[in-house]
Amino acid sequence: MAIMGTFAFEEDFLAAAEKLQSSGFDNISLLSPVPLAEAQKVLGLGKSAVRRFSLAGAIIGALAGFALAAGTALVFVLPTSGRAIITIPPFLIITYEMTILFGVLFTLLGFHVVSDLPAWRDRPYLPAANIDRFVVVVEGAAGEQAARAEAIIRQAGAEEIHHVEEDQ
Amino acid sequence: MFDHGQPSYAEVNKDILSVMLETGPRYWMLLGTTMSVAVIFFFMPWFYQLIVGVGAAGMSRNAYWGTYLSNFIFWIGLSHSGTLLSAILHITNSPWRKSVYRSAEAMTLFSLMTAALFVMVHLGRVWFVHWSFPIPNQMGLWPNFRSPLMFDVMAITTYLTASSIFIYMGSVPDFAAVRDASTGTRRRLYTIFSFGWRGTAREWHTLGWAYTFFAVFVIPLAVSVHSIVSWDFALSIVPGLHHTIFAPYFVCGAIYSGTAGIVTVMYCLRKFLNFERYIGQVHLDNLGKLLLALSLIWSYINMLELFSSWYGGSSFELEALKFKLTGFYAPLYWEMILFCAFVPLLMFFRKFRWSWNKMLLISILINIGMLTERFIIVATSQPRKFLPNAFGFYFPSWIEISITIGSFAIFATMFLIFIKWVPAISIYEVKETLKPLRRDA
Amino acid sequence: MKWGNDLSTFVEKFRQYLKPGYYDEFDYHWTMTIDLDRCTGCEACVVACQAENNLPIVGEKRYAQNREIKWIRIERYWEGEYPDVKMGFIPMLCQHCDAAPCEIACPVFATYHNQDGLNTQIYNRCIGTRTCAVYCPYEVRYFNWFTYTWDEPLEQQLNPDVTVREKGVMEKCTFCIQRIRLAKDNAKDDDRRRVRDGEVVPACVQSCPTEAMAFGDSNDPEAKVSKMMKNPRGYTVLEELNTTPSIVYLKKAHAES
Ligand code: SF4
Ligand code: SF4
């Protein structure tokens with residue numbers, strides 16, 4: 000079962016989040032209409048792993064770019080303009096473009112992996128969270144745990160509290 | 000930032016989404032017009048040209064490249080401001096970017112597509128265009144990566160991919176807002192578009208990082224794209240094209256015309272979509288200052304180009320220079336100088352920078368100037384190459400002129416479709432510039 | 000074992016391909032010399048090329064638009080003021096540059112340098128970007144703006160050894176590659192390793208009434224062209240561009256007045 004509490008103000012929302020975090024709930028989501036650095040801090044999100052994807056993509060792209068240009072020049076040797084078959088300067092341009100292409104594509108991949116999107120199942124969500132409300136979602140809490148979470152949320156000044164059944 | 004008072008969070012959603020969700024007859028009429036203009040002026044002449052051959056255009060042995068290529072550069076140039084500016088302003092954390100950047104990026108995307116169309120129109124045998132892509136084939140034959148055109152293919156596909164990803168990822172939270180505000184098929188569609196976005200701290204965090212990386216990748220990319228386009232010309236040994244200054248010249252010109260394009264688009268958004276509340280004086284003022292700076296750089300580089308041709312003293316260069324400055328196309332050349340170097344100086348005055356109508360006029364003049372700039376590059380250098388016996392003259396045929404007109408309609412069509420599919424202003428980023436939802440605010 | 004060999008040949012090839020200037024090692028180096036002192040500007044070569052290579056007749060209108068296709072043209076230059084004028088001719092055709100600016104321009108390798116030192120044009124591969132023509136400083140590339148047809152019975156005159164090009168394709172002088180091909184085949188049939196000097200005669204050279212043109216393999220020091228090239232009057236057009244053309248012109252000698 001998931002419990003959702005909506006808040007109209009950032010402070011209350013953050014307070015609830017901190018409280019929940021410190022009392023040991025580890026499956027909480029903090030929904031907000033705009034990115035909040037504080038909320039990310041509460042969850043302890045530092046440097047994102049996306050950057051590793053970007054770096055890997057850029058390196059792979061650079062190698063692939065040069066390999067593409069040089070390799071295709073070698074498999075079918077067609078001399079032009081008295082240049083070397085493997086002409087470094089123009090191939091560096093191809094390398095440059097491919098670095099960026101792969102960097103971007105891998106960053107995109109990294110985004111999907113790290114953020115766990117696209118979502119393949121319905122997740123607890125309130126449309127108000129995309130307008131002007133902050134929503135705390137506690138998932139996977141049952142029985143007494145759930146009651147405790149609800150109390151914390153209510154105490155922090157939640158406007159409304161919703162319970163949703165999660166389809167497992 | 001807001002000339003007409005701060006909207007509330009809910010109002011932002013409502014204002015911006017209503018443009019998407021409510022469609023009046025005026026929109027359909029406009030869309031119908033631009034579409035038919037695109038078909039009649041662009042696709043029909045192109046079809047005719049496909050049947051008879053490129054000879055339908057006015058090109059000849061004097062100029063193997065004509066308006067198609069100059070328009071290609073123009074549209075690529077126009078695409079240069081959106082994504083690039085958006086990325087730079089994102090990295091430097093400028094808040095005024097937030098209500099302008101979505102449409103600016105859309106402009107990038109659509110002008111890039113229009114530019115790509117011009118390549119197709121230009122080609123003699125467009126039905127074999129796939130040979131210029133590195134696709135494995137049974138012939139074992141690959142494209143020539145030493146060719147400047149191949150740099151172009153790689154750069155433009157990369158740019159197209161990167162800028163579509165950039166604009167798409169920036170819109171994911173807004174797609175979620177559309178999903179929440181709609182029903183039926185549209186809702187299902189936007190559920191897919193938004194990847195099931197909820198706006199959790201983790202999602203925002205990842206998006207923020209990914210977005211910054213996109214921005215970091217896009218900036219050098221955009222610079223490289225127009226440098227590469229300039230090398231199509233500069234890597235030839237044709238007098239008047241073989242200049243080292245070409246890469247910075249083109250990049251600067253591209254950003255210049257792109258920024259002017261943004262002003263034009265901003266004006267239309269404000270006027271026709273009632274975004275007065277979100278696009279205000281600050282944006283106009285900042286864009287005006289940027290345009291002014293760019294115009295000064297552009298004039299400087301232009302002077303440098305003339306100077307180096309003259310100072311180099313090679314008779315071929317001098318001949319090309321003479322043709323450019325005093326030949327048949329001299330009036331066009333001086334028109335360009337007037338529109339791109341002198342008219343923008345008016346923006347030194349706040350009176351001009353602060354008036355939407357005046358800025359609209361200036362921005363349109365700049366882009367007319369830039370369109371002719373590109374035309375002059377192709378039309379005055381090629382007819383004056385090396386052998387006097389082959390000197391000639393190039394004038395576009397009516398097909399080229401009509402296709403040029405049609406391309407604007409194509410761009411407008413794509414833009415009109417865009418405003419119904421993607422929120423034209425970034426909802427969540429506008430909210431970021433509002434007063435935060437705090438008790439103490 | 001095999002892999003090791005493959006790798007070492009690969010490395011060796013890689014090294015070899017890194018250095019420019021492979022064109023010193025052509026099998027043949029087809030070269031033409033044109034003696035301008037002998038050229039009378041009769042344009043027999045132009046007609047011969049037209050006939051040999053299936054060049055289309057574009058018609059008056061398109062000629063006026065500068066869309067003619069003439070792989071070899073006679074350029075006419077005037078020197079001095081009337082009445083003291085001198086007229087000079089220079090036949091201009093593809094120079095088969097060893098460092099051809101046109102070749103790097105092609106994104107699909109429709110034009111490249113072959114082992115005979117020829118700048119080749121592969122019509123079937125051409126996609127019509129026309130970049131090569133823009134890059135060529137001699138302006139000797141011609142584009143098929145339309146598909147040209149031959150009215151009956153003129154199609155009977157078409158040379159079966161040469162393709163007929165369609166619209167959207169670039170073309171230019173090939174040094175009559177079909178004749179080179181034939182000569183090489185004959186040499187092979189006769190068990191000769193090389194083509195003999197004078198065995199290949201391009202149409203334009205063949206038709207020249209004053210024998211202003213000579214054609215041959217300049218790798219062979221005994222060939223007629225090699226001797227002609229040593230003539231002190233020899234020069235190449237637009238030498239300052241470093242395109243290293245394969246056509247050597249012999250300057251017109253003027254009597255000192
Ligand atoms: S003369 Fe022109 S077409 Fe011929 S090889 Fe040289 S650059 Fe190429
Ligand atoms: S060598 Fe052959 S193709 Fe070239 S100009 Fe002479 S006749 Fe024409």
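Chains as they are written, first to last, in numbering that gives the first Met the number 0: chain V, 0 to 167; chain R, 0 to 440; chain L, 0 to 256.
We treat Cβ as the ideally placed atom computed from N, Cα and C, and that holds for glycine.
Just so we're clear, the structure is a prediction, and the values are computed from it rather than from any experiment.
Can you find a heavy atom of ligand 1 that lies under 8 Å from the Cβ of residue 193 of chain L?
Because no heavy atom of ligand 1 lies under 8 Å away, the Cβ of residue 193 of chain L does not count as near it: no.
Pick from R:236, R:204, R:300: whose alpha carbon is nearest that of residue 250 of chain R?
If we check each option's Cα against that of residue 250 of chain R, R:300 comes out closest.
Using a C-beta to C-beta distance shorter than 7 Å, which residues of chain L count as neighbours of residue 127 of chain R?
Chain L residues near residue 127 of chain R: 126.
Let me see if you follow: with CB-CB separation under 9 Å, is residue 15 of chain R close to chain V or not?
In terms of beta-carbon proximity, residue 15 of chain R stays away from the interface with chain V, with every pair separated by 9 Å or more.
Determine, using beta-carbon pairs with one atom in the segment 422-436 of chain R and one in the segment 9-19 of chain R, whether at least three such pairs fall under 8 Å.
Touching, yes.
State the DSSP-derived secondary structure class of residue 277 of chain R, mapped to helix, strand or coil.
Secondary structure of residue 277 of chain R (DSSP, three-state): coil.
Return yes when the C-beta of residue 118 of chain L is under 8 Å from any heavy atom of ligand 1, and no when it is not.
It does: the Cβ of residue 118 of chain L is within 8 Å (strictly closer) of some heavy atom of ligand 1.
Name the two residues that bound the continuous alpha helix (DSSP H) containing residue 30 of chain L.
Bounds of any alpha helix (DSSP H) do not take in residue 30 of chain L; it lies within the beta strand (DSSP E) bounded by 29-34.
Assumed close pair residue 168 of chain L, residue 122 of chain L - CB separation to whole angstroms, cut-off 8 Å:
Rounded, the Cβ-Cβ distance is 5 Å, consistent with contact.
Span of the alpha helix (DSSP H) around residue 111 of chain L
Here residue 111 of chain L belongs to no alpha helix (DSSP H); instead the beta strand (DSSP E) covers 110-112.
In chain order, what are the residue ranges of uninterrupted alpha helix (DSSP H) at least 4 long that sit wholly in the segment 62-98 of chain R?
Listed in chain order, the complete alpha helix (DSSP H) runs (minimum 4 residues) inside the segment 62-98 of chain R are 66-90.
Inter-residue Cα distance where the pair is residue 104 of chain L and residue 139 of chain L
Roughly 15 Å between the two C-alpha positions.
C-alpha gap between residue 3 of chain V and residue 27 of chain V, whole angstroms
Distance between the alpha carbons of residue 3 of chain V and residue 27 of chain V: 10 Å.
Applying the 10 Å Cβ sphere with the 16-neighbour rule, what's the burial state of residue 143 of chain L?
Buried, since its Cβ has 16 or more Cβ neighbours within 10 Å.
So, does the CB of residue 94 of chain V fall closer than 9 Å to a CB anywhere in chain L?
For residue 94 of chain V, the answer is no, since every Cβ of chain L falls outside 9 Å of its Cβ.
Residue interval of the beta strand (DSSP E) (run including residue 162 of chain V):
Element bounds for residue 162 of chain V: 159-163.
Starting from the Cα of residue 265 of chain R, find the closest Cα among R:52, R:145, R:363 and give me that residue.
Measuring C-alpha to C-alpha distances from residue 265 of chain R to each of R:52, R:145, R:363 identifies R:363 as the nearest.
Answer with yes or no whether the minimum CB distance from residue 167 of chain V to chain L is below 9 Å.
Note that residue 167 of chain V scores 46 on pLDDT, short of 50, meaning its location in the model is unreliable; the coordinates nonetheless yield the value given after this. At a cut-off of 9 Å between beta-carbon atoms, residue 167 of chain V makes no contact with chain L.
How would you call residue 191 of chain R, buried or exposed, if buried means at least 16 neighbouring beta carbons within 10 angstroms?
Answer is exposed; the Cβ neighbour count stays below 16.
Spell out whether any CB of chain R is found under 9 Å from the CB atom of residue 106 of chain L.
Output row for residue 106 of chain L: interface = yes.
With 7 Å as the limit, tell me which residues of the segment 2-27 of chain V have their beta carbon closer than that to any beta carbon of chain R; keep them in chain order.
For the segment 2-27 of chain V, which is checked against every Cβ of chain R, the residues closer than 7 Å are 7, 8, 9, 10.
State buried or exposed for residue 282 of chain R, treating a residue as buried only when at least 16 other CB atoms are found within 10 Å of its CB.
Residue 282 of chain R comes out buried.
Whose C-alpha, out of R:358, R:312, R:291, is nearest the C-alpha of residue 341 of chain R?
When each option's Cα is compared against that of residue 341 of chain R, the closest is R:291.
Within 9 Å of any Cβ in chain R, is that where the Cβ of residue 100 of chain V sits?
For residue 100 of chain V, the answer is yes, since a Cβ of chain R falls inside 9 Å of its Cβ.
Quick one: residues with CB closer than 6 Å to any heavy atom of ligand 1, in chain order, please.
The set of residues with CB atoms less than 6 Å from any heavy atom of ligand 1 reads, in chain order, L:93, L:94, L:95, L:96, L:99, L:100, L:101, L:118, L:135, L:137, L:139, L:140, L:171, L:242.
Could you tell me which uninterrupted beta strand (DSSP E) segments, each at least 3 residues in length, are contained entirely in the segment 65-108 of chain L, listed from first to last along the chain?
Taking only runs of at least 3 residues, the beta strand (DSSP E) segments lying wholly in the segment 65-108 of chain L are 72-78, 85-91.
Mind pulling the chain R residues with CB within less than 7 Å of residue 136 of chain L?
What residue 136 of chain L touches in chain R: 236, 384, 385.
Using a Cβ cut-off of 7 Å, pull out every chain R residue sitting near residue 130 of chain V, in sequence order please.
Listed along the chain, the chain R residues whose CB falls inside 7 Å of the CB of residue 130 of chain V are 8, 9, 12.
Which residues bound the alpha helix (DSSP H) around residue 358 of chain R?
Counting along the chain, the alpha helix (DSSP H) containing residue 358 of chain R begins and ends at 355-380.
Where does residue 137 of chain R land, buried or exposed, given buried means 16+ other C-beta within 10 angstroms?
Burial call: exposed.
Just the Cα atoms here: how many angstroms apart are residue 401 of chain R and residue 39 of chain R?
Taking the straight line from one Cα to the other gives about 9 Å.
Rounded to whole angstroms, what is the Cα-Cα separation between residue 14 of chain V and residue 177 of chain R?
So the two alpha carbons sit approximately 30 Å from each other.
Cβ of residue 118 of chain L within 9 Å of any chain R Cβ
No - not a single Cβ of chain R is within 9 Å of the one on residue 118 of chain L.
Residues in the same chain with beta-carbon distance under 6 Å from residue 159 of chain V, minus the five sequence neighbours each way, listed in chain order, please.
Excluding residues within five positions, the ones whose Cβ falls inside 6 Å are 5.
Under the assumption that residue 68 of chain V contacts residue 101 of chain V (Cβ atoms under 8 Å), give the Cβ distance between them as a whole number of angstroms.
Residue 68 of chain V to residue 101 of chain V, Cβ: 14 Å. No contact.
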